[in-house]
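Notes follow once the structure below has been shown.
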Amino acid sequence: MSTKITPQSHDLGIRENLSHRESLSRRSFCQLLTAGAATSLLMGCEQGAKLPNNQIAKAERPLVQASGPLFVSGLKDTNVAEQPYFLGVFNQSGEIISRAQLPSRGHQVIDVPNKPNKVLAFARRPDNWLLEVDALSGEISQQFTTKSNHHLFGHGCFNRSGQYLFTTENAYPANIPTKAEHGKIVVRDSSNYQIVAEYDSGGIGPHQCELMPDGKTLVIANGGIYTHPAKPREKLNLATMAPNLSYMDIASGKIIGRYQPQHFQSSLRHLAVSKTGQVIVGIQQQNKAGLMVPLIVSHRGEDQLMPMQGDENLWREFNHYTASVCINDDATIAAVSSPRGNITSYWQLSDLSLLAKHKYRDGAGVSFYQDAFVLTNGHGRIVGSQPALTQTQARVKRDTWSQHLNIQWDNHVAKVS
């Protein structure tokens, strides 16, 4: 059963939109938040450290002249023995335009507003680095880390003006936690990536966050799982998980809504938001002992998370796992990948029904451009996919752009604006 926290009235001095604070100094912004946000935890606007010299990312010269739309993803080059992880930029022909060597495996990559061709790469959990990269040249313009005793969950987003970056982070104690771990949303000034605020995320293990269409609200997928860098990929609280979808007022840091999935071990991970404010969330189910629950849910103002329409046989095909979620607003279709199930699915936003699905081996990355979804997989393949509903049936037209045999594309791909 989902639970809901109804919106509360906020102090008018704190309720103002962040856009009204664009001219505030870093110190003034911190003081204003400290004065009014009772549920937020500020840390003195401290800046994260720079990367150690042995972890500095390296740029490679442009490989192909850039033209047309560009896409970016993390990748692993199996021909490289040491530090095989890169940020890769490719065009609509699937040609790789540029690469930047990463300190370790990356996760999400997003556009940097107001900085043409710049993208921001996030480290995969439990690492702590972020890199700003020129997509055309592969040059690294800025690189920084979280503060001590924090690590990333691999995701983040900017506010509407582009002045503030929000990242999902884990504040962990020195020792393995029991219940001392806290999910955080950390706010940074995008001009220098200095920290200006820190809020509770509304749960444990915040994974992906996105800005809602109102420009004032952040939606956060709290996965509900305790982790600690001392045991990098181990899940420490599977018996007591508490995942939820939280909504945060970004001007105050207050959680104004919280919704739980049907099963306490349904870890909410990735999400996408339509232009009408419909949130589609992908789940990674942790109880795998024959239990089949919906692995994709929708939310747009309801009192609970609404499961997409599918029976146990359908969800069994996903092998308890979803990866990327992407929305085509014009066609009101959501695409959701499942690399462990080797399946990509397409869903109608209007009635939450399955439009189409197809096999795609180890397919995880999903982006969108014009009328096609862009799919990448762990075998170097890039595919353009166009689901459509005809008078008689749903069909999916697929066109392979390219395949790079030495490359394993990572879980997420994005279009470069």
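Each residue of the sequence shown is one higher than the last, beginning at 571 in this note's numbering.
Heads up, the beta-carbon is just placed ideally off N, CA and C, and yes, glycines get one too.
Query - Sufficient close CB pairs (3 or more, under 8 Å) joining the stretch 828–838 to the stretch 751–762 - result: No: the two stretches stay apart, fewer than three of their Cβ pairs being nearer than 8 Å.
Requested in this report: Verify whether the separation of the beta carbon atoms of S894 and H840 is less than 8 Å.
Outcome: yes
Query raised in the report: Which one of R886, G753, S868 and I774 has the shortest CA to CA distance from E768?
Result: The candidate whose alpha carbon is nearest that of E768 is G753.
Query - Under the three-state DSSP convention, the category E739 falls into - result: strand
Query - Outcome for T892 when other beta-carbon atoms lying within 10 angstroms are tallied against a minimum of 16 - result: T892 should be labelled buried.
**Report entry** Identity of the residue in D941, I853, T914 and Q918 nearest K929 by Cα
**Finding:** The shortest Cα separation from K929 among D941, I853, T914 and Q918 belongs to T914.
Requested in this report: Could you tell me which residues DSSP pairs with H752 in its beta bridges?
Outcome: A741
Query - Straight-line gap, I970 to L657 (C-alpha atoms, nearest Å) - result: Note on residue identity: the sequence assigns Thr, not Ile, to residue 970. Cα to Cα, the separation comes out at about 21 Å.
Requested in this report: Say whether the stretch 811–822 touches the stretch 713–725, bearing in mind that this needs 3 or more beta-carbon pairs closer than 8 Å, one atom from each stretch.
Outcome: no
Report task. Specify the secondary structure class of E665 as computed by DSSP and reduced to three states. Result -> DSSP places E665 in coil when its eight states are reduced to three.
Query raised in the report: From this set, Q662, P654 and K801, which residue's C-alpha is nearest P639's C-alpha?
Result: Q662
Query - Presumed contact (8 Å Cβ cut-off) between T738 and I790, rounded CB distance - result: Beta-carbon to beta-carbon, T738 and I790 are separated by about 7 Å, close enough to satisfy the 8 Å threshold.
Query raised in the report: Taking just the CA atoms, how far does V642 sit from H890?
Result: 27 Å
Query raised in the report: If you draw a straight line from the alpha carbon of E804 to that of Q835, how long is it in whole angstroms?
Result: 15 Å
**Report entry** Where the alpha helix (DSSP H) containing R839 begins and where it ends
**Finding:** Taken as a continuous stretch (DSSP letters only), R839 belongs to no alpha helix (DSSP H), being part of the beta strand (DSSP E) at S836 to V843.
Requested in this report: Taking V986 and V689 to be in contact with their CB atoms under 8 Å, please state how far apart those CB atoms are, rounded to whole angstroms.
Outcome: 6 Å
Requested in this report: With hydrogens ignored, establish whether the beta-carbon of I913 is closer than 7 Å to any heavy atom of the ligand NAP.
Outcome: The ligand NAP is not part of this structure, which contains no ligands at all.
**Report entry** Residues near L922 by beta carbon distance below 8 Å, same chain, minus five either side
**Finding:** S868, M876, P877, M878 and Q879
Query - Proximity below 8 Å, CB of P957 to CB of I903 - result: If you check the CB distance, P957 and I903 come in under 8 Å.
Requested in this report: List in chain order: all unbroken alpha helix (DSSP H) runs of 4+ residues lying wholly within the stretch 870–895.
Outcome: 882–887
Query raised in the report: Out of G726, L722 and V953, which has the shortest C-alpha to C-alpha gap to T797?
Result: Check the Cα spacing between T797 and each of G726, L722 and V953: the tightest is with L722.
**Report entry** Whole runs of the beta strand (DSSP E) within the stretch 686–710, excluding any shorter than 3 residues
**Finding:** 688–693 and 699–704
Query - Sequence-distant residues of its chain with Cβ nearer than 6 Å to F938 (five each side left out) - result: C896 and N898
Query - Where V766 falls, given that 16 or more other Cβ within 10 Å makes a residue buried - result: buried
Query raised in the report: Can you tell me whether T946 is buried or exposed, with buried defined as 16 or more other CB within 10 angstroms of its CB?
Result: Around the CB of T946, 16 or more other CB atoms lie within 10 Å, so the residue is classed as buried.
Report task. Give the DSSP bridge partners of W979, in chain order. Result -> In DSSP, W979 forms a bridge with L645.
**Report entry** Environment of S593 [buried if 16+ CB atoms lie within 10 Å]
**Finding:** Its pLDDT being 36, under 50, S593 is placed unreliably by the model, and the measurement read from it follows with that caveat. By the neighbour-count rule (16 or more Cβ atoms within 10 Å), S593 is not buried but exposed.
Query raised in the report: How close, in whole Å, do the beta carbons of L645 and D980 come, if the pair is a contact with beta carbons under 8 Å?
Result: 6 Å
Report task. May I ask which residues mark the beginning and end of the beta strand (DSSP E) holding Q678? Result -> G676 to D681
Query - Unbroken beta strand (DSSP E) run spanning E768, endpoints - result: I765 to D770
Report task. State the start and end residues of the unbroken beta strand (DSSP E) segment that holds Q778. Result -> P776 to L781
Query - Same chain, Cβ closer than 8 Å to N976, neighbours up to 5 away in sequence not counted - result: D647, T648, N649 and G950
Query raised in the report: With DSSP run on the structure shown, which of helix, strand or coil describes L815?
Result: strand
Query - Nonlocal neighbours in the same chain, by C-beta distance under 6 Å from T787, ignoring five residues either side - result: Around T787: Y817.
Query raised in the report: First and last residue of the beta strand (DSSP E) that includes L922?
Result: First-last for L922: undefined, no H or E at that position.
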